[in-house]
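These notes are about the structure you will find just below.
Residue numbers (the numbering used here): 2 to 414.
If you want it as structure tokens, here you go:
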């Protein structure tokens, strides 16, 4: 999953994958109208629950009981409690091997709400201040997307393990290289991107079947992230230092937020995309027109055709302006047809729920905690995260050049 496939190399296996298809829409340091109440799903400007945050049906994630593996508690700091309240949504505060020792948010009311949700007393006015706290071993960066890479690098340089919300970087190939170098420089530390598609139930099954050789190579894969934005969704605005509809989400190039769809190849094979031709369609939605957003982005939908590292093909779509469409889903077709069987998901600790976005939250968090405490690679390491993210950045460049075929940088740890 983002880890480049290469001849003679080993493919990293997911240890925590789960859930059913859902939709995620990023993080912000706050939202208009003040902080939403804990345990209530976040809503958009029209009062509708943001796709992917609908109340999930209660279900058992595994018939097998979770087995304690350590008496140690990982000391975690959490930054960000924005529109989607992601700082608390993944359940760090409920894991028996975690102590949330501090939280941070740029907006005071949200910082207080995050502290309450995480049952934590210590607060900081920014992530930059929080990572100076020597008690903290690991940081969860759940802030606005443009700050993910910068804060992850800063935390790594302060000697902290890092879990980051998606995407790993925001539209910048230079930031991707800087983040990768920071991870390689600090090899004793873990970095993980919390990509929800990688923990959907069907993706988990396909991943395990692929690793067992039951699918052969993948000839063709499809991934889709459809989320309608008839009006801009609120996001943190560094100019106003508040949250408003002129924030970072307004006019966002679709393929700058590509990981939910790209995971439907990379998350199954552990491979990568090597080149791309992407087409975009000019949008009738005002904020998705070039003259009306800071990105000069004219597209509401971008459809990318990738060459895969196995030599196959993948169609990956990200669309903001199709009102009849919605979903975070995909499908794969291999050289062999595997049995239509669902592979049981691993157990979660007592008190930890599978959570939102297709039951992915709890598994992402647990995988990161175990990666640190067991000293192993996390499910979505830096190479995997960047291979998922950077492919979309190049895809948007291709769309601006009317589908020009372009090479995609590769990341290998």
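Ideal Cβ positions, reconstructed from N, Cα and C, are used throughout, including at glycine.
Applying the 10 Å Cβ sphere with the 16-neighbour rule, what's the burial state of residue 338?
Counting from one through the chain shown, the residue named residue 338 turns up at place 337. Label assigned to residue 338: exposed.
In this structure, does DSSP put residue 185 in helix, strand or coil?
Position 184 of the chain shown, counted from the start, is the residue given in the question as residue 185. If DSSP states are grouped into helix, strand and coil, residue 185 belongs with the helices.
Closest to residue 320 by CA distance: which of 67, 349, 229 is it?
Translated into positions along the chain shown, residue 320 becomes position 319. The shortest C-alpha separation from residue 320 is found at 229.
CB contact flag (residue 397, residue 303, <8 Å):
For the purposes of this step, residue 397 is taken as the residue at position 396 of the chain shown. For the purposes of this step, residue 303 is taken as the residue at position 302 of the chain shown. Contact: yes.
Here's the rule: buried if 16 or more other CB atoms are within 10 angstroms of the residue's CB, otherwise exposed. What is residue 107?
The residue labelled residue 107 in the question sits at position 106 within the chain shown. When all chains shown are included, residue 107 counts as buried.
Within the stretch 100–141, note down every full alpha helix (DSSP H) run reaching 4 residues or more, in order along the chain.
109–118, 128–131
Cα-Cα separation between residue 363 and residue 44, rounded to whole angstroms:
Here the question's residue 363 lines up with position 362 in the chain shown. Here the question's residue 44 lines up with position 43 in the chain shown. C-alpha separation (whole angstroms): 21 Å.
Express the C-alpha separation of residue 291 and residue 402 in angstroms, rounding to a whole number.
In the chain shown, the residue the question calls residue 402 occupies position 401. In the chain shown, the residue the question calls residue 291 occupies position 290. About 15 Å.
Residue 275 beta carbon less than 8 Å from that of residue 211:
Start at 1 with the first residue of the chain shown, and residue 211 comes out as number 210. Start at 1 with the first residue of the chain shown, and residue 275 comes out as number 274. No, they are not a contact pair.
Just how far apart, CA to CA, sit residue 272 and residue 383?
Here residue 272 refers to the residue found at position 271 of the chain shown. Here residue 383 refers to the residue found at position 382 of the chain shown. The alpha-carbon atoms of residue 272 and residue 383 are separated by roughly 13 Å.
Pairwise C-alpha distance: residue 135 and residue 359:
Position 358 of the chain shown holds residue 359. Position 134 of the chain shown holds residue 135. Computed Cα separation, rounded: 35 Å.
Closest to residue 201 by CA distance: which of 355, 372, 394 is it?
Residue 201 sits at position 200 when you count from the first residue of the chain shown. Per the Cα distances, 355.
In chain order, which beta strand (DSSP E) runs of at least 3 residues are fully inside the stretch 144–185?
162–165
Own chain, CB closer than 7 Å to residue 99, minus 5 neighbours either side, in chain order
To locate residue 99, count along the chain shown from 1; it is residue 98. 74, 75, 77, 93, 370, listed in sequence order.
Alpha carbon to alpha carbon, how far is residue 399 from residue 155? Give it in angstroms, no decimals.
Residue numbering aside, residue 155 sits at position 154 when the chain shown is read from its first letter. Residue numbering aside, residue 399 sits at position 398 when the chain shown is read from its first letter. Near 31 Å, if we compare the C-alpha coordinates of residue 399 and residue 155.
Going straight from the alpha carbon of residue 305 to that of residue 138, what length do you get?
As a first step, residue 305 is located in the chain shown; it is residue number 304 there, counting from the start. As a first step, residue 138 is located in the chain shown; it is residue number 137 there, counting from the start. Answer to the nearest angstrom: the Cα atoms are 39 Å apart.
At which residues does the alpha helix (DSSP H) containing residue 375 begin and terminate?
Sequence index remark: in the chain shown, residue 375 carries index 374 (1-based). Residues 362–375.
Within the stretch 275–362, note down every full alpha helix (DSSP H) run reaching 4 residues or more, in order along the chain.
357–360
C-beta atoms of residue 142 and residue 119 nearer than 8 Å
Sequence index remark: in the chain shown, residue 142 carries index 141 (1-based). Sequence index remark: in the chain shown, residue 119 carries index 118 (1-based). No.
Just mark residue 132 as buried or exposed, buried being the case when its beta carbon has 16 or more other beta carbons within 10 Å.
Your numbering for residue 132 matches position 131 in the chain shown. Buried.
From the DSSP output, in three-state form, read off residue 268 for me.
Position 267 of the chain shown, counted from the first residue, corresponds to residue 268. DSSP places residue 268 in helix when its eight states are reduced to three.
Would you mind giving the Cβ-Cβ distance between residue 103 and residue 82, rounded to the nearest angstrom? I have them listed as a contact below 8 Å.
The residue you call residue 103 lines up with position 102 of the chain shown. The residue you call residue 82 lines up with position 81 of the chain shown. That pair is no contact at about 13 Å.
Which residues bound the alpha helix (DSSP H) around residue 211?
Here residue 211 refers to the residue found at position 210 of the chain shown. First-last of the alpha helix (DSSP H) with residue 211: 202–212.
Output needed for residue 324: all residues of its chain with C-beta closer than 6 Å, excluding positions within five of it in sequence on either side, in chain order.
By one-based count along the chain shown, residue 324 stands at place 323. Within the same chain, residue 324 has close Cβ partners 229.
Counting along the chain, where does the beta strand (DSSP E) carrying residue 388 start and finish?
For the purposes of this step, residue 388 is identified with residue 387 of the chain shown, where counting begins at 1. Taken as a continuous stretch (DSSP letters only), residue 388 belongs to no beta strand (DSSP E), being part of the alpha helix (DSSP H) at 383–401.
In this structure, does DSSP put residue 90 in helix, strand or coil?
Position 89 of the chain shown holds residue 90. Reduced to three states, the DSSP call for residue 90 is helix.
Assign residue 341 to one of two classes, buried (16 or more other C-beta atoms within 10 Å of its C-beta) or exposed (fewer than that).
By 1-based counting over the chain shown, the position of residue 341 is 340. Looking at its Cβ environment, which holds fewer than 16 other Cβ atoms inside 10 Å, residue 341 is exposed.
Excluding sequence positions up to five away, which residues of its chain have a Cβ less than 7 Å from the Cβ of residue 317?
Residue numbering aside, residue 317 sits at position 316 when the chain shown is read from its first letter. Excluding positions up to five away in sequence, the list reads 224, 259, 262, 263, 305, 307.
To which residues of the same chain is residue 281 closer than 6 Å at the C-beta, ignoring the five residues directly before and after it?
Indexing the chain shown from 1 puts residue 281 at position 280. 300, 303, 400, listed in sequence order.
Whole alpha helix (DSSP H) elements within the stretch 220–251, 4-residue minimum
none
Give the DSSP bridge partners of residue 80, in chain order.
As a first step, residue 80 is located in the chain shown; it is residue number 79 there, counting from the start. Per DSSP, 105, 142.
Would you mind sorting residue 379 into buried or exposed? The rule is 16 or more other CB atoms within 10 Å of its CB.
By one-based count along the chain shown, residue 379 stands at place 378. When all chains shown are included, residue 379 counts as buried.
Quick one: residues in its chain with C-beta nearer than 6 Å to the C-beta of residue 183, no 5 flanking neighbours on either side, listed in chain order?
Counting from 1 along the chain shown, the entry for residue 183 is found at position 182. Same-chain partners within the cutoff: 154, 157.
Give every residue of the same chain whose Cβ lies closer than 8 Å to the Cβ of residue 334, excluding the five residues on either side of it in the sequence, and list them in chain order.
Sequence index remark: in the chain shown, residue 334 carries index 333 (1-based). So the qualifying residues of the chain are 219, 220, 221, 222.
With hydrogens ignored, establish whether the beta-carbon of residue 144 is closer than 7 Å to any heavy atom of the ligand NAD.
Because no ligand of any kind appears in the structure shown, any question about the ligand NAD cannot be addressed here.
Of the residues 204, 152, 311, the one placed nearest residue 343, counting alpha carbons only
Here the question's residue 343 lines up with position 342 in the chain shown. With distances taken between Cα atoms, residue 343 lies closest to 204.
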